[in-house]
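Each residue of the sequence shown is one higher than the one before, counting from 2 in this note's numbering.
As structure tokens, the structure follows; a few thoughts come after it.
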Amino acid sequence: SSNMKYCIILLSFFFTSLSNASEINRNDLTEPENINDLKVQIQWVNPAAIRAYLDDTKTALGEKAPALYEKLSRLETLLPEVQQALSGNASSETIDKARKVLTLKREVILANPLLDMDKIIVARYRLGDKARKAMGTSMGTSTANYNSLFSNSRKWYEAEIDILSNLRHDIESSRIYKPEADVPVSDIQLHWDADRLLFSSLDEDRKWQIYEMNTDGSGLHQKITVDEPDLEFCDANYLPDGKVVATTNIGYNGVPCVHGDDVVANLVSYDPETRALRRLTFDQDGNWSPIVIPNGRIMYTRWEYTDLTHYFSRIVMHMNPDGTENKALYGSGSYFPNSTFDMKPLSKHSSRFIGIISGHHGTARSGRLVIFDPAKSRKEEKGMIQELPFKDRPIVPIIKDELVEGVWPQFMKPFPLNEKYFLVACKPAKDALWGIYLVDVFDNLTLIAEQEGEGLTAPIPLVKRETPPVIPSKIKPGGKEATVFIQDIYEGEGTQGVPRGTIKALRIFAYEYAYILAPSDHDAQGIQSGWDIKRVLGTVPVEE
2 SSNMKYCIIL LSFFFTSLSN ASEINRNDLT EPENINDLKV QIQWVNPAAI RAYLDDTKTA
62 LGEKAPALYE KLSRLETLLP EVQQALSGNA SSETIDKARK VLTLKREVIL ANPLLDMDKI
122 IVARYRLGDK ARKAMGTSMG TSTANYNSLF SNSRKWYEAE IDILSNLRHD IESSRIYKPE
182 ADVPVSDIQL HWDADRLLFS SLDEDRKWQI YEMNTDGSGL HQKITVDEPD LEFCDANYLP
242 DGKVVATTNI GYNGVPCVHG DDVVANLVSY DPETRALRRL TFDQDGNWSP IVIPNGRIMY
302 TRWEYTDLTH YFSRIVMHMN PDGTENKALY GSGSYFPNST FDMKPLSKHS SRFIGIISGH
362 HGTARSGRLV IFDPAKSRKE EKGMIQELPF KDRPIVPIIK DELVEGVWPQ FMKPFPLNEK
422 YFLVACKPAK DALWGIYLVD VFDNLTLIAE QEGEGLTAPI PLVKRETPPV IPSKIKPGGK
482 EATVFIQDIY EGEGTQGVPR GTIKALRIFA YEYAYILAPS DHDAQGIQSG WDIKRVLGTV
542 PVEE
């Protein structure tokens, strides 16, 4: 019956082979085979959180609001009986009631006007019988938190880019790109005009390259083309002036803790008009997740091994698109969190951003979902506004290598709809699938789409956004000198407690980072010592 059609917990997709981007497959909503999925989804039915969401959006919902409140009342009536029955051996009647609860929740939450755009770009990975065990590294990301994509195993993948639509009912899926070869698809980024996108994949030589295409699947081409055959590129994003920022192996450095085996990724800018390539960062270890924030600067993750604690050193940085005024934004001098990935600004009106916190070893490129505000603090938990979906749970600054091992839910690739509501890839439990969820600050975690045997990630609304301002370049091409200003050497954390007037000079030195497979690592230099050769340049006096 039509009623049973909508008594669902999970969205299940069956995709036929699509020969071009114009073909659309309508997917019927089907019942789950796994009773554990039902229990996991019921666990995240929170009537108080749903009511808080309705109270927040009722003005925008307008005449739809009364009916949604009535559905919430029906949900509240059914839920206690369902929760009690599911704690034991659930009958078919209990299962039907549980499905009804989840249908009511879905109808209420997905009525959110922020979903009126009704089109979401996603990356789809076909994982077969490994889908329920898969973590983020199964879907085109690095193999560890200390890897760049250049160190990825480049193994077999079956990946594609799709657009999901009709989100509140029978979801429709339109494939816009599927590689001809068994290669990953990663780092999808939509242009502000919403007419084209960038992504990373492998070329015919299985080297990482940046590709661009229109959002209807047409116009596919390699975005960065250079005359250096051994350069690879990934993790790209658009810049407001028409250039792109990307990571590359341009420094030929190797990660010292693994004997230089893993390739270091630094940031570059590239001008498609002139093919001019300019290096922006000169770091010992990886740069990741570059994104332009509303003031026109680039926010990114920097893994800084240079003379720092090695397990707790992935710092959120920001800089101008020309590489100048590079500064720490969050986590400098902190032991918690170990890593922050996939940052996204919440709006042009605040300094807040959302990101994924993770560890060093163990679970990689997925973890806990946190809202940060550097205006409150730039260290540890002090600037963390809220963990989602745990608004009432204090954030404890745990100092631990494998920070998110065994932690559920796991999240990756969040995308803010505004400062309260977020699309995100989520795996809610150990044996659950990676699906697309709507999460909010009120503790609602609501499944939008998942598919047995697959993993869905990287949700991006297909809508136009305001282009950030262009920051004029401050560099002098060809210049060989730099002027460094230290306004007052006694200000800042490094010299706290040092009596004024006691510092007479600064010794200036340069770091020499090891190349790929070069013998500068923790065996050669010392396990917890500095891992770099330092070249002394001289000393300069400090003014009184």
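Cβ atoms here follow ideal geometry from the backbone N, Cα and C, with glycine treated the same way.
In this text the structure is predicted, and so the values were computed from the model without any measurement.
- E213 carries a strand assignment under DSSP once its states are collapsed to helix, strand and coil.
- Counting other Cβ atoms within 10 Å of its Cβ, L168 reaches 16 or more and is therefore classed as buried.
- For W289, DSSP records a beta bridge to T302.
- For the pair N254 and I534, the CB atoms are not nearer than the 8 Å cut-off.
- Sequence-distant partners of G261 (beyond 5 residues in either direction) whose C-beta falls short of 6 Å from its own C-beta, in its chain, are G255, A515, I517, L518 and A519.
- In this structure V46 is buried. Its beta-carbon is surrounded by 16 or more other beta-carbon atoms within 10 angstroms.
- As computed with DSSP, I122 is found in a beta bridge with I164 and I461.
- Just measuring C-alpha positions, the residue of A99, S333 and A86 sitting nearest Q42 is A99.
- For N296, the closest alpha carbon among the candidates K349, L278 and N267 is that of K349.
- Sequence-distant partners of A376 (beyond 5 residues in either direction) whose C-beta falls short of 6 Å from its own C-beta, in its chain, are S352.
- Annotation note: the segment 472-529 contains the following uninterrupted alpha helix (DSSP H) runs of length 4 or greater, listed N- to C-terminal: 523-526.
- Residue nearest to C258 within the set I487, H311 and K465 is H311 (criterion: CA-CA distance).
- One thing to note: V184 has its Cβ no nearer than 8 Å to the Cβ of L199.
- Distance from the CA of I294 to the CA of I96, rounded to the nearest whole angstrom, comes to 46 Å.
- DSSP places I43 outside any beta strand (DSSP E); the residue lies instead in the alpha helix (DSSP H), whose first and last residues are I36 to Q44.
- According to DSSP, residue pairing for M344 in a beta bridge does not occur.
- Nearest Cα to I386 within the set I372, G531 and G356: I372.
- Burial state of I476 is exposed, judged by a 10 Å Cβ sphere holding fewer than 16 other Cβ atoms.
- DSSP places T447 in the uninterrupted beta strand (DSSP E) bounded by L446 to A450.
- In this structure, the beta-carbon distance from A124 to I177 does not fall below 8 Å.
- Around the beta carbon of F486, fewer than 16 other beta carbons sit within 10 angstroms, so the residue counts as exposed.
- The segment 351-419 contains, as complete beta strand (DSSP E) runs of 3+ residues, the segments 354-359, 369-373, 385-389 and 411-417 (chain order).
- Ranking P346, R366 and Y147 by CA distance to the CA of V405 puts R366 first.
- Bounds of any alpha helix (DSSP H) do not take in R466, whose DSSP letter is neither H nor E.
- Non-local C-beta neighbours of L111 in its own chain, meaning closer than 6 Å and more than five positions away in sequence, comprise R169, ordered along the chain.
- Using a Cβ distance threshold of 8 Å, L39 and L55 do not count as a contacting pair.
- The continuous beta strand (DSSP E) containing A426 extends over residues Y422 to K428.
- The Cβ neighbour count for A506, taken over all protein chains shown within 10 Å, is under 16; the residue is labelled exposed.
- Residue pairing by DSSP places P542 opposite A506 in a beta bridge.
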